[in-house]
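Our numbering runs 571 ahead of the 1-based position in the sequence shown. Encoded as C-alpha coordinates, the structure appears first; notes follow it.
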Amino acid sequence: MTSILKLAFQLTKIIIVGFYLEDDKLIIKVRPHAKRQARCPECGKPCRVYDIAKNPKRWRTLDLGGLKVYLEYKPRRIKCKSHKVLVEEIPWARRNSCFSKIFEDWVACLTLNCSISAVARYARVEWHTVGNICKRVYDNLLAANKITLYDDLKRIGIDETSYKKGHKYITVIINHDTSRLV
(Lines of atoms letter the chains of each structure in order from A; the text may use other names.)
(Lines give C-alpha, C1' and ligand atoms only; values in the text may rest on other atoms or scores of the structure.)
Protein backbone atom coordinates (compact mmCIF):
# COMPACT_ATOMS: atom_id res chain seq x y z
CA MET A 572 0.00 0.00 0.00
CA THR A 573 2.84 2.40 0.79
CA SER A 574 4.27 2.01 -2.72
CA ILE A 575 0.87 2.96 -4.19
CA LEU A 576 0.73 6.06 -1.95
CA LYS A 577 4.28 6.99 -2.97
CA LEU A 578 3.34 6.79 -6.64
CA ALA A 579 -0.01 8.59 -6.23
CA PHE A 580 1.47 11.56 -4.37
CA GLN A 581 4.95 11.59 -5.98
CA LEU A 582 6.66 11.00 -2.64
CA THR A 583 10.20 10.36 -3.87
CA LYS A 584 13.07 10.45 -1.35
CA ILE A 585 10.47 10.15 1.40
CA ILE A 586 9.72 7.25 3.72
CA ILE A 587 6.10 6.48 4.60
CA VAL A 588 6.01 5.50 8.27
CA GLY A 589 2.28 4.70 8.36
CA PHE A 590 -1.18 6.02 7.57
CA TYR A 591 -4.59 6.24 9.22
CA LEU A 592 -8.07 7.66 8.67
CA GLU A 593 -9.29 10.56 10.77
CA ASP A 594 -12.91 11.58 10.09
CA ASP A 595 -12.96 12.37 6.35
CA LYS A 596 -9.15 12.71 6.09
CA LEU A 597 -6.38 10.31 5.20
CA ILE A 598 -3.25 11.09 7.23
CA ILE A 599 0.03 9.73 5.84
CA LYS A 600 2.89 9.78 8.36
CA VAL A 601 6.12 10.51 6.51
CA ARG A 602 9.75 11.41 7.08
CA PRO A 603 12.61 12.35 4.75
CA HIS A 604 15.29 9.78 3.95
CA ALA A 605 18.20 9.93 6.39
CA LYS A 606 20.34 11.75 3.79
CA ARG A 607 17.71 14.50 3.44
CA GLN A 608 17.05 15.04 7.17
CA ALA A 609 18.28 18.05 9.14
CA ARG A 610 19.24 20.14 6.11
CA CYS A 611 19.31 23.94 6.06
CA PRO A 612 16.49 25.37 3.89
CA GLU A 613 18.77 28.23 2.81
CA CYS A 614 22.02 26.50 1.80
CA GLY A 615 20.94 22.82 1.75
CA LYS A 616 23.87 21.68 3.92
CA PRO A 617 23.39 19.04 6.63
CA CYS A 618 23.23 20.61 10.10
CA ARG A 619 23.08 19.69 13.75
CA VAL A 620 19.57 19.15 15.16
CA TYR A 621 18.61 21.90 17.61
CA ASP A 622 15.28 20.40 18.74
CA ILE A 623 12.23 18.51 17.45
CA ALA A 624 8.66 19.84 17.37
CA LYS A 625 6.37 18.43 20.07
CA ASN A 626 3.33 18.27 17.79
CA PRO A 627 3.36 16.96 14.24
CA LYS A 628 2.71 19.37 11.38
CA ARG A 629 0.43 18.55 8.45
CA TRP A 630 0.76 19.46 4.78
CA ARG A 631 -2.28 19.15 2.53
CA THR A 632 -1.69 17.16 -0.62
CA LEU A 633 -3.87 15.94 -3.51
CA ASP A 634 -7.25 14.43 -2.61
CA LEU A 635 -7.86 10.71 -2.89
CA GLY A 636 -11.43 10.07 -3.97
CA GLY A 637 -13.52 12.19 -1.62
CA LEU A 638 -10.89 12.25 1.13
CA LYS A 639 -8.62 15.16 1.90
CA VAL A 640 -5.10 13.80 2.29
CA TYR A 641 -2.43 15.20 4.62
CA LEU A 642 1.26 14.42 5.06
CA GLU A 643 2.23 14.42 8.75
CA TYR A 644 5.72 14.92 10.19
CA LYS A 645 7.40 16.41 13.26
CA PRO A 646 9.85 18.90 11.73
CA ARG A 647 13.16 19.56 13.41
CA ARG A 648 14.82 22.85 14.04
CA ILE A 649 18.43 22.83 12.97
CA LYS A 650 21.40 25.02 13.81
CA CYS A 651 23.20 26.05 10.65
CA LYS A 652 26.66 27.62 10.94
CA SER A 653 25.73 30.29 8.37
CA HIS A 654 21.99 30.83 8.96
CA LYS A 655 21.54 30.16 12.72
CA VAL A 656 18.44 28.30 13.99
CA LEU A 657 15.85 27.40 11.30
CA VAL A 658 13.25 24.74 10.60
CA GLU A 659 14.79 21.99 8.49
CA GLU A 660 14.16 21.74 4.74
CA ILE A 661 10.96 19.78 4.04
CA PRO A 662 11.47 17.94 0.72
CA TRP A 663 7.76 17.60 -0.12
CA ALA A 664 6.80 21.24 0.55
CA ARG A 665 7.94 24.75 -0.24
CA ARG A 666 9.18 26.96 2.57
CA ASN A 667 6.45 28.52 4.76
CA SER A 668 3.72 26.48 3.10
CA CYS A 669 1.15 24.10 4.58
CA PHE A 670 0.62 22.40 1.18
CA SER A 671 2.72 19.83 -0.66
CA LYS A 672 4.58 20.88 -3.83
CA ILE A 673 2.41 18.62 -6.01
CA PHE A 674 -0.77 20.20 -4.59
CA GLU A 675 0.53 23.72 -5.16
CA ASP A 676 1.64 22.90 -8.70
CA TRP A 677 -1.81 21.42 -9.44
CA VAL A 678 -3.62 24.51 -8.08
CA ALA A 679 -1.33 26.86 -10.04
CA CYS A 680 -1.95 24.83 -13.20
CA LEU A 681 -5.74 25.05 -12.68
CA THR A 682 -5.58 28.85 -12.41
CA LEU A 683 -4.30 29.07 -15.97
CA ASN A 684 -7.74 28.05 -17.26
CA CYS A 685 -10.19 28.68 -14.40
CA SER A 686 -11.22 31.59 -12.21
CA ILE A 687 -9.77 31.77 -8.71
CA SER A 688 -13.16 31.09 -7.13
CA ALA A 689 -13.63 27.97 -9.31
CA VAL A 690 -10.15 26.70 -8.40
CA ALA A 691 -10.84 27.36 -4.71
CA ARG A 692 -14.08 25.35 -4.87
CA TYR A 693 -12.48 22.49 -6.78
CA ALA A 694 -9.36 22.32 -4.55
CA ARG A 695 -11.43 22.89 -1.38
CA VAL A 696 -9.36 25.83 -0.14
CA GLU A 697 -10.11 29.52 0.51
CA TRP A 698 -9.99 31.81 -2.54
CA HIS A 699 -7.17 33.97 -1.10
CA THR A 700 -5.11 30.81 -0.53
CA VAL A 701 -5.11 30.20 -4.30
CA GLY A 702 -3.34 33.54 -4.84
CA ASN A 703 -0.74 32.75 -2.16
CA ILE A 704 -0.09 29.34 -3.71
CA CYS A 705 0.35 30.87 -7.18
CA LYS A 706 2.81 33.42 -5.80
CA ARG A 707 4.93 30.69 -4.14
CA VAL A 708 4.95 28.59 -7.33
CA TYR A 709 5.83 31.60 -9.48
CA ASP A 710 8.63 32.72 -7.12
CA ASN A 711 9.96 29.17 -7.10
CA LEU A 712 9.98 29.06 -10.93
CA LEU A 713 11.79 32.40 -11.13
CA ALA A 714 14.41 31.24 -8.61
CA ALA A 715 14.87 27.87 -10.32
CA ASN A 716 15.37 29.50 -13.73
CA LYS A 717 17.49 32.33 -12.26
CA ILE A 718 15.52 35.01 -14.06
CA THR A 719 14.03 38.29 -12.96
CA LEU A 720 10.99 40.14 -14.21
CA TYR A 721 13.22 42.60 -16.05
CA ASP A 722 15.27 40.08 -18.07
CA ASP A 723 14.93 40.65 -21.82
CA LEU A 724 12.64 43.63 -21.26
CA LYS A 725 12.63 45.55 -24.56
CA ARG A 726 9.02 46.06 -25.66
CA ILE A 727 6.35 46.73 -23.05
CA GLY A 728 2.62 47.27 -23.02
CA ILE A 729 0.99 49.48 -20.40
CA ASP A 730 -2.66 49.55 -19.42
CA GLU A 731 -4.33 51.47 -16.64
CA THR A 732 -7.72 50.75 -15.18
CA SER A 733 -9.70 52.10 -12.27
CA TYR A 734 -11.07 50.08 -9.40
CA LYS A 735 -13.41 50.95 -6.53
CA LYS A 736 -15.17 54.28 -6.51
CA GLY A 737 -13.28 57.49 -6.90
CA HIS A 738 -9.83 57.76 -8.39
CA LYS A 739 -8.08 54.51 -7.53
CA TYR A 740 -6.05 53.14 -10.44
CA ILE A 741 -3.92 50.12 -11.13
CA THR A 742 -1.25 50.08 -13.82
CA VAL A 743 -0.46 46.80 -15.57
CA ILE A 744 2.83 46.42 -17.47
CA ILE A 745 3.49 43.40 -19.70
CA ASN A 746 6.61 42.28 -21.57
CA HIS A 747 5.39 41.83 -25.17
CA ASP A 748 8.27 39.53 -26.14
CA THR A 749 7.75 36.98 -23.34
CA SER A 750 4.05 37.71 -22.56
CA ARG A 751 5.06 37.94 -18.90
CA LEU A 752 3.49 40.35 -16.44
CA VAL A 753 6.01 42.86 -15.09
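Quick reminder that beta carbons are idealized off the backbone N, C-alpha and C, glycines included.
request  = Along the beta strand (DSSP E) that carries Leu635, what are the first and last residues, could you check?
outcome  = 628–635
4 or more residues per run - each alpha helix (DSSP H) lying fully within the region 697–732 = DSSP runs (the alpha helix (DSSP H)) wholly in the region 697–732: 698–716.
Spatial distance of Asp595 from Gly637 (CA atoms) = 8 Å
key: Local conformation of Lys596 per DSSP, three classes   = When DSSP states are grouped into helix, strand and coil, Lys596 belongs to the strand group.
Beta-bridge pairing of Thr573 - partner residues as DSSP gives them = The beta-bridge partner set that DSSP reports for Thr573 is empty.
task = Please state if the CB of Ile673 and the CB of Leu713 are separated by a distance shorter than 8 Å.
result = no
message = Once the 5 residues before and after Ala694 are set aside, which same chain residues still bring their CB inside 6 Å of it?
response = Closer than 6 Å at the Cβ level, and outside the excluded window around Ala694, lie Val678.
request  = Could you round the C-beta distance between Val601 and Ile585 to whole angstroms and report it? I think they count as a contact, below 8 Å.
outcome  = The Cβ separation is near 5 Å, so the contact holds.
ask   = To which residues of the same chain is Ile687 closer than 7 Å at the C-beta, ignoring the five residues directly before and after it?
value = Counting only Cβ-Cβ distances below 7 Å, and skipping sequence neighbours, we find Trp698, Val701, Gly702.
ask   = Are Trp663 and Ser671 closer than 8 Å when you measure CB to CB?
value = yes
Residues sharing a beta bridge with Ser671, DSSP = Ala664
query = Three-state secondary structure (DSSP) at Val522?
reply = Absent from the model: residue 522. The displayed extent of the chain is 572 to 753, so no value can be given.
query = Quick one: Cα of Ser752 to Cα of His738, how far?
reply = Position check: residue 752 holds Leu in this sequence, whereas Ser was assumed. Cα to Cα, the separation comes out at about 23 Å.
ask   = Under 8 Å, do Ile598 and Val620 count as touching if we go by C-beta distance?
value = No.
ask   = Helix, strand or coil for Lys606 per DSSP?
value = helix
query = Alpha carbon to alpha carbon, how far is Arg607 from Val696?
reply = 30 Å
request  = Could you please give the first and the last residue of the uninterrupted beta strand (DSSP E) stretch that includes Val640?
outcome  = 638–644
Cys669, buried or exposed, once every other Cβ within 10 Å from all chains shown has been counted against 16 = Classification of Cys669: exposed, given that the 10 Å Cβ count is below 16.
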